[in-house]
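Each remark here refers to the structure printed beneath this line.
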Amino acid sequence: MSNNKNSIAFSDNADKFSNHQYWQIITPPIKALFETLKNIPEIKWQKWLDLGCGAGMCFTHFPTTCQVCGVDFSPALLTHARANIRKNHLKNIKLINQDINQLDLKEKRFDGAMLFQCYPHLNYEVLIIISRFLNLNGWLVIAYGAEIEVIEAKHHQHPELTNRPIPLGLHMKMDFTNGGFKFEEEWKLSPQEVSDKAKMESERPLIAFLGRKII
Ligand SMILES: C[S@@+](CC[C@H](N)C(=O)[O-])C[C@H]1O[C@@H](n2cnc3c(N)ncnc32)[C@H](O)[C@@H]1O
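All letters in the sequence shown, in the order written, are residues 14 to 228 by our numbering.
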């Protein structure tokens, strides 16, 4: 179990990340992202990692036949994640309380890893670690959702939190390459694919990057 300063700061934010209004804003872009991914025939959905899963906003969007391993270092957020699993009667999610920077899983052959609104707290070296747990040609999805500006503002109230500017465009492509992934695609989902509320909250409703493990 992780008990460092960052996980404590995220525990302080647990109510915000599990807050109903936040979920309403964030759900349409998550849905749009998963629909986009499910339309890519090469992507397999047997086993996925949901890294920095928080309260589990992505959980219901994975196919119910996909075994999902949610990892987060905040015990408070994992408590919300457990409640979410119960509420939605999900049988395909297991949770692990770990720091992604020291990821140590028995299972190694995942088809993909989702990092939703988590990458600004990490560095590209973590991609090398994640890659160890993926199948060759496994997928990496890094995405930022509708309310990222609000989240960042909130995090700045916690100066002890690791936070950095969101890498975009070429910087993100470099991170994928340095982490051992071939950069495949970048999406900016159009405003009509997200709710009116999300449009009001952000000019950047959803940005997502897709890569493939090649080494
Ligand atoms: C902005 S929240 C996003 C949560 C969820 N993916 C979502 O979209 O709602 C970031 C999450 O990443 C987790 N996190 C950040 N750094 C982490 C690390 N090094 N190891 C594990 N979890 C981490 C936090 O505890 C938090 O739950």
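Ideal Cβ positions, reconstructed from N, Cα and C, are used throughout, including at glycine.
Rounded straight-line distance, which links the Cα of residue j to that of residue i
i: ASN87; j: LEU64; result: Per the sequence shown, the amino acid found at residue 87 is Ser instead of Asn. So the two alpha carbons sit approximately 12 Å from each other.
i: ALA156; j: GLN130; result: 6 Å
i: ILE220; j: LEU50; result: 13 Å
i: MET14; j: ASN150; result: Residue confidence for MET14 is low, a pLDDT of 45 falling below 50, so the modelled location carries little weight and cannot support an answer.
i: LYS107; j: ILE56; result: 21 Å
i: ILE113; j: GLY182; result: 24 Å
i: LYS100; j: ARG122; result: 29 Å
i: GLN115; j: GLN37; result: 32 Å
i: ILE228; j: TYR137; result: 16 Å
i: LYS201; j: PRO41; result: 14 Å
i: LEU111; j: LEU103; result: Correcting the residue identity first, residue 111 is Gln in this sequence and not Leu. Approximately 21 Å, taken between the alpha carbons.
i: ASP188; j: TRP58; result: 24 Å
i: PRO54; j: CYS79; result: 15 Å
i: ASP85; j: ILE43; result: 18 Å
Neighbourhood of residue i by C-beta distance below 7 Å, restricted to the same chain and skipping five residues each side
i: MET213; result: The predicted position of MET213 is uncertain, since its pLDDT is 49 and thus under 50; a value taken from the coordinates is nonetheless stated next. So the list is empty, once near-sequence residues are dropped.
i: PHE47; result: HIS74
i: TYR132; result: ILE155
i: THR190; result: PHE196
Residue of the options minimising C-alpha distance to residue i
i: ALA45; options: CYS71, TYR132, GLY83 and ALA126; result: CYS71
i: ALA126; options: ASN101, LYS100 and LEU153; result: LEU153
i: GLY69; options: LYS51, LEU50, THR78 and ILE39; result: ILE39
i: ASN52; options: CYS66, PRO76 and PHE189; result: PRO76
i: LEU118; options: ASP188, PRO54 and LEU62; result: LEU62
i: VAL81; options: ALA96, GLU120 and ALA89; result: GLU120
i: ASP124; options: LEU147, LYS107 and ASN114; result: LEU147
i: GLU199; options: ASN191, THR190 and LYS186; result: LYS186
i: HIS93; options: LEU103, HIS102 and GLY67; result: GLY67
i: GLY83; options: TRP58, ILE43 and LEU128; result: LEU128
i: LEU90; options: ILE109, LYS104, ILE143 and PHE194; result: ILE109
Status (buried if at least 16 other CB within 10 Å, exposed otherwise) for residue i
i: ARG145; result: exposed
i: HIS184; result: exposed
i: LYS60; result: buried
i: LYS96; result: Sequence inspection shows Ala at residue 96; the Lys mentioned does not correspond to that position. Burial call: exposed.
i: ILE141; result: exposed
i: HIS134; result: buried
Beta-carbon proximity list for residue i, same chain, < 6 Å, skipping 5 on both sides
i: GLU197; result: LEU223, GLY224 and ARG225
i: ILE302; result: Residue coverage of the chain in this structure runs from 14 to 228, which leaves residue 302 outside it and unanswerable.
i: GLY192; result: TYR137, LEU140 and ILE141
Contact with chain B by residue i, beta-carbon distance below 9 Å
i: PHE146; result: The question asks about chain B, but that chain is absent: this structure has only one protein chain.
Proximal residues to residue i (C-beta, below 8 Å), its chain only, five neighbours per side dropped
i: PHE194; result: LEU140, SER144, LEU153, GLY224, ARG225, LYS226 and ILE227
Checklist entry - Which runs of the beta strand (DSSP E) fall wholly inside the segment 57 to 115 and span at least 3 residues, in chain order? => result 60 to 64, 80 to 85 and 106 to 110
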